[in-house]
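In UniProt numbering, the protein residues as written are 1 to 437.
For each residue, glycine too, the CB sits at the ideal point set by N, CA and C.
Right, one structure below, let's go through it.
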């Protein structure tokens with residue numbers, strides 16, 4: 001008999017009965033013998049509910065890893081057809097820790113903790129789980145129960161390294177401390193999301209610091225980032241490769257990580273001008289999720305300036321957010337600023353100042369193949385613009401540009417001017433698409 005009172009997570013865990021596997025999952029866990037081709041029922045209460053297809057597949061495969069019995073059937077003598085007999089043999093627990101950790105990495109943290117009730121083999125296994133996925137919606141947004149669970153989970157967890165830590169919270173100040181706990185345990189993938197209908201979460205520099213030699217991926221949703229919190233990401237996270245900021249408030253003067261390869265700033269509000277100096281960057285996306293997102297509306301009266309320094313390794317750049325203006329800071333005049341750029345998306349800002357932003361990209365992107373222009377505002381006056389723009393266009397040529405797509409409102413007169421400009425200066429151009437919102 002298990003002593004449920006000795007379970008360290010007893011105050012926050014539900015009763016020790018495991019939830020039954022849903023009919024869909026139960027069907028996925030049906031195993032067939034390779035020799036006799038008869039179905040083998042897996043007892044529903046012998047394992048926690050699994051929602052991920054890969055986890056289900058791994059659980060099925062564990063029934064096939066054992067040595068075939070002498071009688072020719074994988075699990076021994078099967079009952080005659082029409083009779084039901086449950087398989088009570090625990091074959092899953094015989095797998096090595098690494099494989100079991102991989103299986104439970106597809107479960108939520110609450111489900112991972114419940115595995116301690118399966119058997120003695122599983123009693124301590126959950127404490128060294130390398131992946132923790134903690135979401136407040138699984139607690140009905142009950143902040144008291146959720147906080148109690150997370151505190152106990154981290155308290156009784158073994159002092160081993162984390163691979164991934166995903167935390168979805170709702171107005172809980174201790175979330176900064178929980179993220180710092182993951183960073184101090186060498187987490188490689190860190191994700192934090194504040195409840196989207198709530199105000200942005202303030203990352204407290206007194207409770208956490210992005211200082212890690214192991215952090216590779218960081219995803220932040222609905223947070224306020226100040227320079228004193230963000231600055232360590234530039235200089236003290238030397239293996240950081242992927243950074244995604246979604247619906248965040250950014251008071252960050254510069255992003256200058258030497259290791260960063262993918263940078264996504266989506267639906268964010270810039271509270272100050274920003275300089276992007278990331279020589280290893282391969283992909284840069286600075287865009288909105290919708291035709292006119294909330295961040296563009298908030299920043300329409302105070303547009304932020306984004307300065308791009310040399311990005312020699314960038315292959316994909318998306319600067320279609322309409323709440324920004326873009327400037328260029330060239331640091332190495334002997335090489336093109338965007339020497340490897342093949343795909344480019346620009347917003348309304350690129351047509352200001354007689355298309356200076358668009359022309360600058362075309363001049364310094366020698367291998368550009370695909371260009372997309374997302375024009376979201378129809379100007380009221382085009383007088384004299386065509387002649388000036390065509391005169392500016394003569395100063396560039398693009399030998400590899402093959403496809404141009406212009407997204408605009410129906411009736412936007414600028415499409416004709418752009419069509420003439422590209423046809424007159426780009427010999428390699430094969431097609432120009434006009435798409436209306």
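1. Measuring only the C-alpha atoms, how far is residue 356 from residue 421?
2. Pick helix, strand or coil for residue 406, following the three-state DSSP scheme.
3. In chain order, what residues of the same chain have a beta carbon less than 6 Å from the beta carbon of residue 434, not counting five sequence neighbours either side?
4. Would you give the residue range spanned by the beta strand (DSSP E) that residue 433 belongs to?
5. Can you find the residues in the same chain that come closer than 7 Å, C-beta to C-beta, to residue 52, ignoring five residues on each side of it along the sequence?
6. Between which two residues does the alpha helix (DSSP H) containing residue 194 stretch?
7. Unbroken beta strand (DSSP E) runs of length 3 or more, entirely within the segment 183-242: which are they?
8. Look at the alpha carbon of residue 168 and the alpha carbon of residue 429, and state the distance between them as a whole number of angstroms.
9. Determine the closest residue to residue 336 out of 279, 306 and 348, with distance taken between C-alpha atoms.
10. Should the segment 234-243 be called in touch with the segment 201-208, which here means at least 3 C-beta pairs below 8 Å?
11. By Cβ distance, which residues of its chain are closer than 6 Å to residue 128, with the 5 residues on each side in sequence left out?
12. Out of 321, 287, 212 and 334, point me to the one whose CA is closest to residue 310's CA.
13. Just checking my contact of residue 183 with residue 210 at CB under 8 Å: how many whole Å lie between their CB atoms?
14. For residue 91, name the three-state secondary structure that DSSP assigns.
15. Can the beta-carbon of residue 143 be found less than 8 Å from the beta-carbon of residue 189?
16. Among the candidates 281, 268 and 249, whose CA atom is the shortest distance from the CA of residue 257?
17. Just how far apart, CA to CA, sit residue 317 and residue 330?
18. I'd like the ranges of any beta strand (DSSP E) spanning at least 3 consecutive residues and lying wholly in the segment 315-347.
19. Residue 371 and residue 401 - do their beta-carbons sit closer together than 8 Å?
20. Would you call residue 187 buried or exposed, if buried means 16 or more other Cβ atoms sit within 10 Å of its Cβ?
21. Which residue or residues does DSSP assign as beta-bridge partners of residue 254?
22. Please list, in chain order, all residues of the same chain as residue 346 whose beta carbon is under 6 Å from its beta carbon, the five residues on each side excluded.
23. Name the two residues that bound the continuous beta strand (DSSP E) containing residue 146.
24. Smallest Cα separation from residue 194: which of 361, 246, 362 and 123?
25. Around the C-beta of residue 364, are 16 or more other C-beta atoms found within 10 angstroms, so that it is buried, or is it exposed?
26. In three-state terms, what does DSSP make of residue 418?
27. Can you tell me which of the three DSSP states residue 444 falls into?
28. Give me, in chain order, the residues of the same chain whose beta-carbon lies closer than 8 Å to that of residue 340; leave out the 5 immediate sequence neighbours on both sides.
29. Just to confirm before moving on: does the CB-CB distance between residue 324 and residue 303 stay below 8 Å?
30. Got a sec, what are the start and stop residues for the beta strand (DSSP E) residue 166 sits in?
31. Measuring CB to CB, does residue 130 end up less than 8 Å from residue 162?
32. Does the separation of the CB atoms of residue 260 and residue 240 fall below 8 Å?
33. In angstroms, rounded to a whole number, what distance separates the CA positions of residue 192 and residue 91?
34. Helix or strand or just coil, what does DSSP make of residue 114?
35. From the DSSP secondary-structure annotation, give me the bridge partner or partners of residue 309.
36. Please state whether the Cβ-Cβ distance between residue 263 and residue 243 is less than 8 Å.
Reading from the atomic positions:
1. So the alpha carbons of these two residues sit roughly 14 Å apart.
2. Residue 406: strand per DSSP, three-state reduction.
3. Cβ contact annotation for residue 434 (same chain, cutoff 6 Å, sequence separation greater than five): 406 and 415, in chain order.
4. From DSSP, the beta strand (DSSP E) with residue 433 extends over 431-436.
5. Here the model assigns residue 52 a pLDDT of 42, short of 50, so the residue's position is not dependable, and the following value carries that caveat. So the qualifying residues of the chain are 106.
6. Careful: residue 194 lies outside any alpha helix (DSSP H), inside the beta strand (DSSP E) at 189-194.
7. Entirely contained in the segment 183-242, the beta strand (DSSP E) runs reaching 3 residues are, in chain order, 189-194, 217-221 and 223-226.
8. For residue 168 and residue 429, the distance between alpha carbons rounds to 46 Å.
9. The shortest C-alpha separation from residue 336 is found at 279.
10. Too few Cβ pairs lie closer than 8 Å, so no.
11. Excluding sequence neighbours, residue 128 sits near 158 and 160.
12. Proximity to residue 310 across 321, 287, 212 and 334 peaks at 334, based on C-alpha coordinates.
13. A Cβ-Cβ distance of about 7 Å is found for the pair residue 183 and residue 210, placing them in contact under the 8 Å criterion.
14. Correct three-state label for residue 91: coil.
15. Annotated as distal: residue 143 and residue 189, with beta-carbon spacing of 8 Å or more.
16. Closest in alpha carbon position to residue 257, among 281, 268 and 249, is 281.
17. Inter-residue distance for residue 317 and residue 330 is about 17 Å (C-alpha atoms, whole angstroms).
18. Those beta strand (DSSP E) runs which fall completely within the segment 315-347 and span 3+ residues are 316-319, 324-329 and 343-346.
19. Closer than 8 Å, so yes.
20. Classification for residue 187: buried.
21. Residue 254 pairs with 275.
22. Same-chain partners within the cutoff: 319 and 373.
23. Element bounds for residue 146: not the beta strand (DSSP E) but the alpha helix (DSSP H), 143-156.
24. The option with the nearest alpha carbon to residue 194 is 246.
25. It counts as buried.
26. In the structure shown, residue 418 sits in a helix (DSSP, three-state: H, G or I).
27. For the chain, the structure presents residues 1 to 437; residue 444 sits outside this window and is missing.
28. Here the set comprises 312, 313, 314, 315 and 367.
29. Taking a C-beta distance under 8 Å as the contact criterion, residue 324 and residue 303 qualify as a contact pair.
30. Per DSSP, residue 166 belongs to the beta strand (DSSP E) from 164-169.
31. It is a contact, given that the beta carbons lie within the stated cut-off.
32. The answer is yes: Cβ separation under 8 Å.
33. Rounded to the nearest angstrom, the two C-alpha atoms are 36 Å apart.
34. Residue 114 sits in a helix when the DSSP states are folded into three classes.
35. In DSSP, residue 309 forms a bridge with 329.
36. Taking 8 Å as the Cβ cut-off, residue 263 and residue 243 qualify as a contacting pair.
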